[in-house]
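Notes to accompany the following structure.
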Amino acid sequence: MAQRTAVIGVGQTKHDTKRDDVSMAGLVREAALRALEDAGLSFADIDAVVLGKAPDMFEGVMMPELYLADALGANGKPMLRVHTAGSVGGSTAIVAASLVQAGIHERVLTVAFEKQSESDAMWALAPKIPFQMPLVAGAGGYFAPHIREYIRRSGAPDHIGMKVAVKDRLNALRNPFAHLHMPDISLRMVEESLMLWDPIRYLESCPSSDGACALVLASEKAASAAPNPPAWIHATAVRSEPIGMAGRDEVDPQAGRDCAADVYAQAGISDPRAQIDVAEIYVPFSWYEPMWLENLGFADVGSGWKLVDDDSTALDGDIPINASGGVLSSNPIGASGMIRFAEAALQVRGMAGEHQVDGARIALGHAYGGGSQFFAMAIVGRERP
Amino acid sequence: MREVAVVSFAQSPTTVEDARSEVEILQPVLHQAVERSGIAREQIGFTVSGSCDYLAGQPFAFVMGLEAVGAWPPIRESHVEMDGAWALYEAWARLQHGDIDAALVYAFGKSSTGDLPKVMTLQLDPYYLAPLWPDAISVAALQARALLDAGAHTERDMAEVAARSRRDAASNPNAQVSGDTSADALLQEPYVSTPLRAHDCPSAGDGSAAVVLAAGALAREVAERPVWIRGIDHRIEPHALGARDLTTSASTRIAAAAAGASSDKIDLAELYAPFSHQELILRDALGLNGQTAINPSGGALTANPMMVAGLIRIGEAASRIARGEADRGLAHATSGPCLQQNLVCVLEGE
Amino acid sequence: MPSSGAAPGDVLTAEHVLEYTYTRSVGPVIGRFFTGLREQRIEGIRARDGRVICPPTEYDPATGEQLDDWVPVADAGEITSWTWVAEPRPEHPLAEPFAWALIRLDGSDTAMLHAVGARAPDAVRTGARVRARWRAERRGHITDIECFEVVE
Amino acid sequence: MSEAAAPESVTMMDAPIRLTYSYTPGVAQSEFLRALTERRILGQRCSTCEQVYVPPRGMCARDGIALEGTFELPDTGVVSGFCIVNIPFAGQAVECPYVSASITFDGADIPIFHLVQEIDPAAVHVGMRVQAVWSEEPQPSMQTIRYFRPLEAADA
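Okay, here's the thing in structure tokens:
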């Protein structure tokens, strides 16, 4: 049986357009030290380090874990490097947890980062490849048709995407680590922002951020010595499907549905909307909130947008989504998935500060990547599973 | 720990591929590994791969790898931007949870498509080292010179490693380089990057490999002779080349001790030493003596598909044990400049 | 074997160029070292075990602790390992054949990797004394040292 | 103290990286790209799931099995998804705004990405029938199809 595992330390950097005050090592270090401090530990207490990030072309460093080993106190320890595209932050946390669940280690430090300002995201995600059409204009160009198809299928009104964009930016005002702090955000401001990839407006899109996130995963024994309350891992799950498969539903991917079903079954959740108190889900473009609400079973197919429309997903709604401000407010790509897991953990530990959801006991962390084909999810709880 | 065994292995020949894409090289190998395992695809509960975007110069190279797996219905899957040996480690850890009994591990890469020694420069410290553009062969040569200067080994020792590797590779249909040669003959060759000669260095090669792991009863059910992973561990050391002792491998020594490698007789060792002098360093670090056959496959000096060669070491050692040619073996993988990161796996036949 | 009807000769190939100029923020430690180079000055940093590390690492390689004890280091030292580059690449610091070397500068306990300008491989050896040849126009970069030269 | 301000500390560095690779799209896609020079669209059908792949990749991503043989499809199809791109980016092929669409050839089960032109972007819709407009100078490249144009008079 897998060993009980908990998150006992959470750390994030201040996410920003350009963290020009630090090197790459300084960036990951800032998150790692905060997570260690939260856990009451130092590098010497850590058994292994697991690093995650998206493509190495963002920073132009091949396998940067080699150079980052010193900054993460990894000398003489096992170190792994995970890369599963946009879901990598979530996948990385799951690999780190797996090492504790397997009974191999007592305390594992996991860190995910992206320093996107070292290059240009549009280039790093899609450099020109011979023989192909240079058409897909960044992630927005790839996902916009799926969003359009969701709107067509569901008949959702135009303001839904704008509403999510405003909600997440208002939530971000309560999160000191968030990249975007836009006190004057409004529906009108979103509506008037440039339509970049119709139907995606500029303010319905995530920013490009420098940032890192770190977690300390611990065994039950190690968690009992932690100074702050642990977030117990009730379930983790991953699912992948091929991008180039004929007949794939990119709007409501089977891998996402299967991953949710797996993680809920392990955690004993039959009615996610009723049983989950708060969810941090990977929403890089605002329309993905209603899309994932359906894929995750919070709403029936075609009606996810209604939870946005009736404010159910607001901070004071019955299922608050992205109380931290989400990916729409901070997007260091490689770290974004881990931030979801970290924020879910903070909620059930009662340590989310100004964006704490009162009485949160069960939280979902969600990440996705590639062409909506890689999914990583975790359920964390205040009580032991 | 839960008993986990290698139950099948497949690899492509290491070549310079003009025609096939990475995924076209991978697909038949995956197919063979699963077929040979005797385990139905649906029974494989976890799939994990190792590859590197910079080899082909495209982000998300691994996404295309998934096309060859048959990942439908969707599968539990992960990917490390590391040699496939570390993917195998992740699979081994996942099998410890007890809820699944079989895992598929694969690795692939076309390192010949770029200027590999230059591409590898991007592994170095991006502030102090990479801007000077020392290539991978030069960096290895600095280590070789330091080893020779330390006095315990000679250029002849390095040539002996290369000659033995080439002779052994003659019986390995997957090797890229082989031949009946001697240290005397090789020492007549010119230097590529002093003190390294061409035979001390690997060629850029393309390839793929896949391993199926199974736990306990399932492994005994499907394999005539399951090859049990008795211990597996990996360690990293500091990056700065000038701040560590390049003539030894502290991380290999720690990993070997943690994997239980020193506790018993080792019949064979497959060491991922892409440069001849690195085999000498690894042999010392592992305390291997004349009892152990080193790299009977010919090793990475004769076939070095980047990201795959470490996984091949595990597969080659396991295959020999499965065939009854040995009982207990050691497989090693490395990553990073001058053996910065090392993995040791101890394998034993039923 | 190819999995479709085309013979390998029919397979297309094309040059794929991956080119970008990254902009790296260097942080306080590397920044101070580079600032020193611009002023023709080399500094190391003392690790917890007392060793002086040059070029300075931001964190202790052994323990990961933050380092801040700066130590002046000479621009001359000794080769601890080397290799000859018979055919320099365009991106290399020197256009003529040269050596890569690990160089332990006086006052440092670790070695710096850099180029050594020399006529021929027999002019370079482990233990040889070298001194930095500074670039006239310096910008705060590792190549502000154009190379080292053997001094006997 | 001198009047001159102390030179600022170094905070940034440039790191130019240029790597060249010999890229091959592989055996199956090469056959597809070569056929484009003859204005032919090739597909591959999976023997297990019957799904048709365009372009062929030599394997079925659903079943993970190798596929052999190709057959020709018409150069007409339907728009199965699209977006209107208004964001300029490096290496962009056409001027903004343009329609980037997923287009499923008649008889295929998986779309390709391409341009839709000869139509007001606002009039493009899912399900719209389109036909390839070929370049006069055929190359083994997706760019040999210049774009897709509406097939029905009502859309044009």
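Protein chains in written order, with the working numbering: chain A, 1 to 385; chain B, 1001 to 1350; chain C, 2001 to 2152; chain D, 3001 to 3156. Idealized CB from N, CA, C, for every residue including glycine.
Just verifying my parser: in three-state terms, what is the DSSP assignment at A/Lys167?
helix
Cβ closer than 8 Å: which chain C residues qualify as neighbours of A/Leu80?
In chain order: nothing, as chain C lies at least about 17 Å away.
Collapsed DSSP secondary structure at A/Lys306 in the structure displayed
helix
For D/Met3012, is the classification buried or exposed, using 16 other Cβ atoms within 10 angstroms of its Cβ as the cut-off for buried?
exposed
Go to B/Glu1279, then tell me how far its beta strand (DSSP E) extends in each direction, as first and last residue.
Taken as a continuous stretch (DSSP letters only), B/Glu1279 belongs to no beta strand (DSSP E), being part of the alpha helix (DSSP H) at Ser1276 to Leu1286.
Would you identify the three-state DSSP class for C/Tyr2054, choosing helix, strand or coil?
Sequence check: residue 2054 of chain C is Cys here, not Tyr. It is coil, neither helix nor strand.
Please say whether A/Gly334 and A/Lys53 have beta carbons closer to each other than 9 Å?
yes
What is the C-beta distance between B/Ile1254 and B/Leu1339, in whole angstroms, given that I count them as a contact (C-beta under 8 Å)?
That belief does not hold up - the Cβ atoms of B/Ile1254 and B/Leu1339 are roughly 13 Å apart, past 8 Å.
State yes or no: is the beta carbon of B/Pro1190 nearer than 9 Å to at least one beta carbon in chain A?
no
Bridge partners of D/Cys3083, per DSSP?
According to DSSP, D/Cys3083 shares a beta bridge with D/Ser3100.
Quick check on A/Phe298: does DSSP put it in helix, strand or coil?
Three-state result, A/Phe298: coil.
Between A/Ile333 and chain C, is any beta-carbon pair separated by less than 9 Å?
no
Within 10 angstroms of its Cβ, does D/His3125 collect 16 or more other Cβ (buried), or is it exposed?
It counts as exposed.
Other residues of its chain near D/Gln3131: CB distance less than 7 Å, five sequence neighbours each side excluded
Asp3075, Thr3076, Phe3148, Arg3149 and Leu3151
Buried versus exposed call for A/Ser330 [16 or more other C-beta atoms within 10 Å across all chains shown]
buried
Minimum Cβ-Cβ distance from C/Thr2035 to chain A less than 9 Å:
no
Give every residue of the same chain whose Cβ lies closer than 8 Å to the Cβ of A/Ala25, excluding the five residues on either side of it in the sequence, and list them in chain order.
Tyr67, Leu68, Asp70 and Ala71
A/Gly73 burial status per 10 Å Cβ neighbour count (16 or more: buried)
buried
Comparing alpha-carbon positions, which option in A/Met63, A/Gly365, A/Glu37 and A/Ala165 lies nearest A/Arg81?
It is A/Met63.
Could you tell me whether the region 260-278 of chain A touches the region 352-366 of chain A, using the rule of 3 or more Cβ pairs below 8 Å?
yes
Considering only residues of the region 102-160 of chain A, which uninterrupted alpha helix (DSSP H) runs meet the minimum length of 4 residues and lie entirely inside it, listed in chain order?
Counting whole runs of 4 or more residues, the region 102-160 of chain A contains the alpha helix (DSSP H) stretches 121-125 and 138-154.
Flag this pair as yes or no: are the beta carbons of B/Glu1022 and B/Ser1051 separated by less than 9 Å?
Yes. Within cutoff.
Under the assumption that A/Thr13 contacts A/Ala218 (Cβ atoms under 8 Å), give the Cβ distance between them as a whole number of angstroms.
Contact doesn't hold; Cβ gap of about 22 Å is too wide.
Any chance you could list the alpha helix (DSSP H) runs of at least 4 consecutive residues sitting entirely within the region 195-268 of chain A, in chain order?
220-224 and 254-267
Between the alpha carbons of C/Gly2005 and B/Asp1099, how many angstroms are there, rounded?
Residue confidence is low: C/Gly2005 scores 39 on pLDDT, short of 50, so the model does not pin down where it sits. Its coordinate-derived value is still stated next. If I take the Cα positions, the gap works out to 43 Å.
Any Cβ of chain A within less than 9 Å of the Cβ of C/Arg2032?
no
Take the Cβ of D/Ser3100 as the centre, count every other Cβ of all protein chains shown within 10 Å, and call the residue buried at 16 or more, exposed below.
buried
Along the chain, where does the alpha helix (DSSP H) that runs through D/Ser3047 open and close?
Per DSSP, D/Ser3047 belongs to no alpha helix (DSSP H) and is neither H nor E.
Does the beta-carbon of B/Thr1113 have 16 or more other beta-carbons within 10 angstroms, so that it is buried, or is it exposed?
Classification of B/Thr1113: buried, given that the 10 Å Cβ count is 16 or more.
Going along chain B, which residues have a C-beta under 7 Å from D/Pro3056?
Under the 7 Å cutoff, chain B gives no residues; its nearest Cβ is about 11 Å from D/Pro3056.
Alpha helix (DSSP H) runs wholly inside the region 1066-1100 of chain B, at least 4 long, in chain order
1084-1095
With a threshold of 9 Å between beta-carbons, can C/Met2141 be considered close to chain A, or not?
The sequence given here has His at residue 2141 of chain C, not Met. Judged by the 9 Å Cβ criterion, C/His2141 is not in contact with chain A.
B/Gly1231, DSSP secondary structure in three states
B/Gly1231: strand per DSSP, three-state reduction.
Among all the DSSP beta bridges, which residues are the ones paired with A/Val22?
Bridge partners of A/Val22: none, in fact.
First and last residue of the uninterrupted beta strand (DSSP E) at D/Pro3150
Ile3145 to Pro3150
Distance, B/Gln1341 Cα to A/Ile321 Cα:
Looking at the two C-alpha atoms, the distance is approximately 41 Å.
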